[in-house]
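Colleague: Sequential numbering from 3 applies to the sequence shown in the working numbering.
Quick one: this structure, given as structure tokens, is what I'll be asking you about.
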Amino acid sequence: MNFIDLKLQYQRLSDSIQNCMTAVLEHGHYIFGPEVQAFEKHFAQNMQVKHTIGVANGTDALLIAMMALGLKAGDEIIMPSFNYIAAAEMAVLLGAQPVFVDIEPKTYLIDPELVSAAITERTKIIVTVDLFGQCADYDRLQEIAMRRNIPIIADIAQSVGATYRQRQVGALGTIACTSFYPSKPLGCYGDGGACLTSDDRLVERMRQIANHGQTERYCHQYIGINSRLDTIQAAILLAKLDIFEQECAKRSIVAEHYNCLLDSIGIEPPYIKTYNRSVYAQYTIQIDQRDRVREALKARGIPTAVHYPTAIHQQPAYRHLPKRVLPISEQTAKKVLSLPFHPYLTEKQQKLIVDSLQNVMYSSG
Ligand SMILES: *Cc1c(COP(=O)(O)O)cnc(C)c1O
């Protein structure tokens, strides 16, 4: 059994993937080929946003967004500590200071009231993260951010395909950033990412930053980087977009089945707010003795993962920042366990996983 099975999706799509890759190999525009533009347009429509820029990966997408919004040394940038490392890392690279805030205990999402309390004169950006595939509370976050005129970067790497109050995720922040790493809900077959916005000025700036700060060929107006979504990855993404909505629907069905199985053994399923549709980038539960349970599952051939074992404010590389105590993030990191999850997981596999979990949990240890 695989934690995420990408081969099953490939088997389903192999003809269209092979055709679109062959088309790229034959037309030869390996960088900025027509598939890149086609994908940017199509993806922007799907995500209900005006513009998409393909970039090299999700981490670059965050860096480019931060640079376009003018983040610089001495600025503060508010973000959750219970998260993947990318946003904090890019902020520190720019000399800014991440201000970590705690999460809501059941959803793992940034707590808007704590964001409000963390705002200072130096706050330049708020980063929200739709962790595990469910959207943060954007209406409340926008209200808080707008009062102070602070832009929001929405990290949607785990929530592409999710909805927030019937809205797609592309336009929920000032800029949204995503990753097409293969195991994300929408992934390619290598590295890829995108920045999304409806702001005409910001999109232009981000395109320039992603292309060495050029405003025209060999005229470098800004300090930039080199970050491109290559044509083959764009072509693969176009093929995958065709079945993406179906896959999101399947994700909901797989999750519902897990929910029932877990209920029956007394484990709380992930908590999704009524106005949200999650894409379950991770299907994550909390259990005591997590590490023991995880080892025992592994011995039975059930792969699991821990997202994330350490909150960022407790990571060695971030110890230079002012000390913070974020009890919910710290406790959550000790208990979370992500179960195998993908749209092609069968009911039989799910039953095996949950039966094994029950056996392992209630055996003494
Ligand atoms: C995967 C991920 C990223 C980074 O994406 P890469 O393409 O690996 O650089 C950033 N933020 C979140 C929340 C992610 O899940």
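Where is the CB? At the ideal position from N, CA and C, for every residue including glycine.
Looking at the secondary structure, which residues open and close the alpha helix (DSSP H) in which residue 20 lies?
Modeller: Unbroken alpha helix (DSSP H) run through residue 20: 8 to 29.
Colleague: Using a 10 Å radius around the Cβ and a threshold of 16 neighbouring Cβ atoms, would you call residue 150 buried or exposed?
Modeller: So residue 150 ends up on the exposed side.
Colleague: Give the DSSP-derived three-state secondary structure of residue 339 in the structure shown.
Modeller: Strand.
Colleague: Taking C-alpha atoms, which residue in 8, 70, 130, 161 lies nearest to residue 284?
Modeller: The candidate whose alpha carbon is nearest that of residue 284 is 161.
Colleague: Our contact map puts residue 314 next to residue 102 with C-beta atoms below 8 Å; I'd like the distance itself, whole angstroms only.
Modeller: Indeed they touch by this definition, with Cβ atoms about 6 Å apart.
Colleague: Rounded to the nearest angstrom, what separates residue 157 and residue 85 at their Cα positions?
Modeller: About 10 Å.
Colleague: Specify the secondary structure class of residue 78 as computed by DSSP and reduced to three states.
Modeller: Residue 78 falls in the strand class under three-state DSSP.
Colleague: The beta strand (DSSP E) spanning residue 53 covers which residue range?
Modeller: Segment 53 to 57, the beta strand (DSSP E) holding residue 53.
Colleague: Can we count residue 136 as close to ligand 1, meaning its CB is less than 7 Å from some heavy atom?
Modeller: No.
Colleague: How many Å lie between residue 164 and residue 133 at the Cα?
Modeller: Approximately 11 Å between the Cα atoms of the pair.
Colleague: What would DSSP say about residue 356, mapped onto helix, strand or coil?
Modeller: Looking at residue 356 - three-state DSSP - the assignment turns out to be helix.
Colleague: Give me the Cα-Cα distance between residue 260 and residue 88, rounded to the nearest whole angstrom.
Modeller: So the two alpha carbons sit approximately 30 Å from each other.
Colleague: What number of angstroms, rounded off, separates the C-alpha of residue 21 from the C-alpha of residue 275?
Modeller: The straight-line gap from Cα to Cα measures roughly 40 Å.
Colleague: Looking at C-alpha atoms only, which residue of 79, 105, 336 is the closest neighbour of residue 123?
Modeller: Ranking 79, 105, 336 by Cα distance to residue 123 puts 79 first.
Colleague: Find out if the Cβ-Cβ distance for the pair residue 199, residue 180 is shorter than 8 Å.
Modeller: Contact flag unset, no.
Colleague: Under 6 Å Cβ to Cβ from residue 245, same chain only, skipping five residues before and after it: list those, please.
Modeller: Here the set comprises nothing.
Colleague: How about residue 196 and residue 45: are their beta carbons less than 8 Å apart?
Modeller: Yes, Cβ-Cβ distance for residue 196 and residue 45 is below 8 Å.
Colleague: Quick one: Cα of residue 4 to Cα of residue 191, how far?
Modeller: Residue 4 and residue 191: Cα-Cα distance of roughly 17 Å.
Colleague: How long is the line joining the alpha carbons of residue 249 and residue 6, rounded to whole angstroms?
Modeller: Looking at the two C-alpha atoms, the distance is approximately 13 Å.
Colleague: So for residue 361, helix, strand or coil by DSSP?
Modeller: Of the three classes helix, strand and coil, the one that applies to residue 361 here is helix, per DSSP.
Colleague: Can you grab the Cα-Cα spacing for the pair residue 121 / residue 19, in whole Å?
Modeller: Approximately 46 Å between the Cα atoms of the pair.
Colleague: Check whether the Cβ of residue 232 lies closer than 7 Å to any heavy atom of ligand 1, and answer yes or no.
Modeller: False, no ligand heavy atom lies under 7 Å from that Cβ.
Colleague: Identify the continuous alpha helix (DSSP H) that holds residue 147 and give its terminal residues.
Modeller: Element bounds for residue 147: 140 to 149.
Colleague: Tell me whether the beta-carbon of residue 116 lies closer than 8 Å to the beta-carbon of residue 130.
Modeller: No, Cβ-Cβ distance for residue 116 and residue 130 is not below 8 Å.
Colleague: Where does the unbroken beta strand (DSSP E) through residue 181 begin, and where does it stop?
Modeller: Unbroken beta strand (DSSP E) run through residue 181: 177 to 181.
Colleague: Report the partner residues of residue 287 according to the DSSP bridge assignment.
Modeller: 339, per the DSSP bridge assignment.
Colleague: Per DSSP, what kind of secondary structure is residue 265 in: helix, strand or coil?
Modeller: Residue state, collapsed to three classes: helix.
Colleague: Between the Cα of residue 71 and the Cα atoms of 341, 338, 93, which residue gives the shortest distance?
Modeller: Ranking the options by Cα distance to residue 71, first place goes to 93.
Colleague: So which of 59, 206, 334, 358 has the shortest CA-CA distance to residue 110?
Modeller: With distances taken between Cα atoms, residue 110 lies closest to 334.
Colleague: In this structure, does DSSP put residue 60 in helix, strand or coil?
Modeller: Three-state result, residue 60: helix.
Colleague: Return the chain-ordered list of same chain residues with a C-beta closer than 8 Å to the C-beta of residue 188, the five sequence neighbours on each side being excluded.
Modeller: Excluding positions up to five away in sequence, the list reads 162, 163, 180, 182, 239, 242, 243, 246.
Colleague: May I ask you to verify whether the segment 262 to 274 touches the segment 59 to 76, counting CB pairs closer than 8 Å and requiring at least 3?
Modeller: Touching, no.
Colleague: Nearer than 7 Å: is that true of the beta carbon of residue 228 relative to any heavy atom of ligand 1?
Modeller: No, Cβ of residue 228 sits at least 7 Å from all heavy atoms of ligand 1.
Colleague: Alpha carbons only, please: which of 236, 255, 264 is nearest the one belonging to residue 25?
Modeller: For the residues 236, 255, 264, the minimum Cα distance to residue 25 belongs to 236.
Colleague: Ligand 1 and residue 193: does the residue's C-beta get closer than 7 Å to at least one heavy atom of that ligand?
Modeller: Checking the Cβ of residue 193 against ligand 1 gives yes.
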